[in-house]
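Residue numbers (the UniProt record's numbering): 1 to 209. By construction, the Cβ of each residue, glycine as well, lies at the ideal position given by its N, Cα and C atoms. Note that the coordinates shown come from a computational prediction; the quantities given were computed from them, not determined experimentally. One structure is given below, encoded as structure tokens.
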Ligand code: PRP
Ligand code: URA
């Protein structure tokens, strides 16, 4: 699908398999999500532009590569987005962070917003929205709508699992936002869960149910 990158690195796929396993503990699930987020972050930032700056090594002065432009923004869709966010901040510690509080109403599957806090100058920054699950895409579409409303123009969406139906809806709603995922699963079940999936990401991360 155009605008969709599946990160098929063997380490990502191996870790994802352990995360899908229902026997994996809460602690194990959280640790793996953090580990995978490092690898996904590497892919989603692969084409960032570089400029150079003059530095002096102990031996000589050189023009050395450095990231161009303003600091990135990672926008975490709460709660489960925080599982990806932590590892991404390990890799890009200077990134700014936006929090988008959103939950799925279990009956209607509509996204309900309960919190929003973001840097004020989103317009000039690359905003990488993170949420492990793209199911119906209601949450992802609403999160990106909100960030665009607040000025973001350059966005990417990073998840762990996507349902084909959700991907199609998201790309139709936001064709300018490329999606990065570790897997496109088979479909959504009648309750809007991704199958085979990994269950409820937030519950598995935090031991709630
Ligand atoms: C999960 C997930 C996404 C959303 C995906 O969050 O983290 O935000 O569902 O489903 P959708 O594509 O159908 O909108 P949830 O609503 O369970 O909230 P939580 O992270 O607080 O558990
Ligand atoms: N949210 C989840 O956490 N898991 C799913 O399978 C669908 C939505």
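C-alpha gap between residue i and residue j, whole angstroms
i: residue 159; j: residue 59; result: 43 Å
i: residue 9; j: residue 75; result: 24 Å
i: residue 194; j: residue 62; result: 50 Å
i: residue 134; j: residue 165; result: 9 Å
i: residue 138; j: residue 147; result: 14 Å
i: residue 120; j: residue 150; result: 8 Å
i: residue 155; j: residue 176; result: 8 Å
i: residue 163; j: residue 64; result: 42 Å
i: residue 104; j: residue 96; result: 26 Å
Contact check, residue i vs residue j, beta carbons under 7 Å
i: residue 202; j: residue 26; result: no
i: residue 143; j: residue 205; result: no
i: residue 173; j: residue 128; result: no
i: residue 171; j: residue 3; result: yes
i: residue 81; j: residue 130; result: yes
i: residue 38; j: residue 91; result: yes
i: residue 77; j: residue 98; result: no
i: residue 16; j: residue 182; result: yes
i: residue 33; j: residue 18; result: no
i: residue 210; j: residue 188; result: Because the chain in this structure spans residues 1 to 209, residue 210 falls outside the shown range and cannot be described.
i: residue 180; j: residue 5; result: yes
Beta-carbon separation (whole angstroms), residue i vs residue j, contact threshold 8 Å
i: residue 69; j: residue 49; result: 7 Å
i: residue 53; j: residue 66; result: 5 Å
Proximity to residue i [Cα-Cα], best of the options
i: residue 93; options: 71, 83, 99; result: 71
i: residue 126; options: 178, 110, 186, 141; result: 178
i: residue 211; options: 136, 85, 100; result: Past the edges of the chain, shown from 1 to 209, lies residue 211, and the structure says nothing about it.
i: residue 109; options: 190, 30, 167, 87; result: 190
In chain order, what are the residues with a CB under 7 Å from some non-hydrogen atom of the ligand PRP? 77, 78, 79, 80, 81, 102, 103, 104, 109, 111, 131, 132, 133, 134, 135, 136, 137, 138, 139, 140, 166, 192, 200, 201, 202, 203
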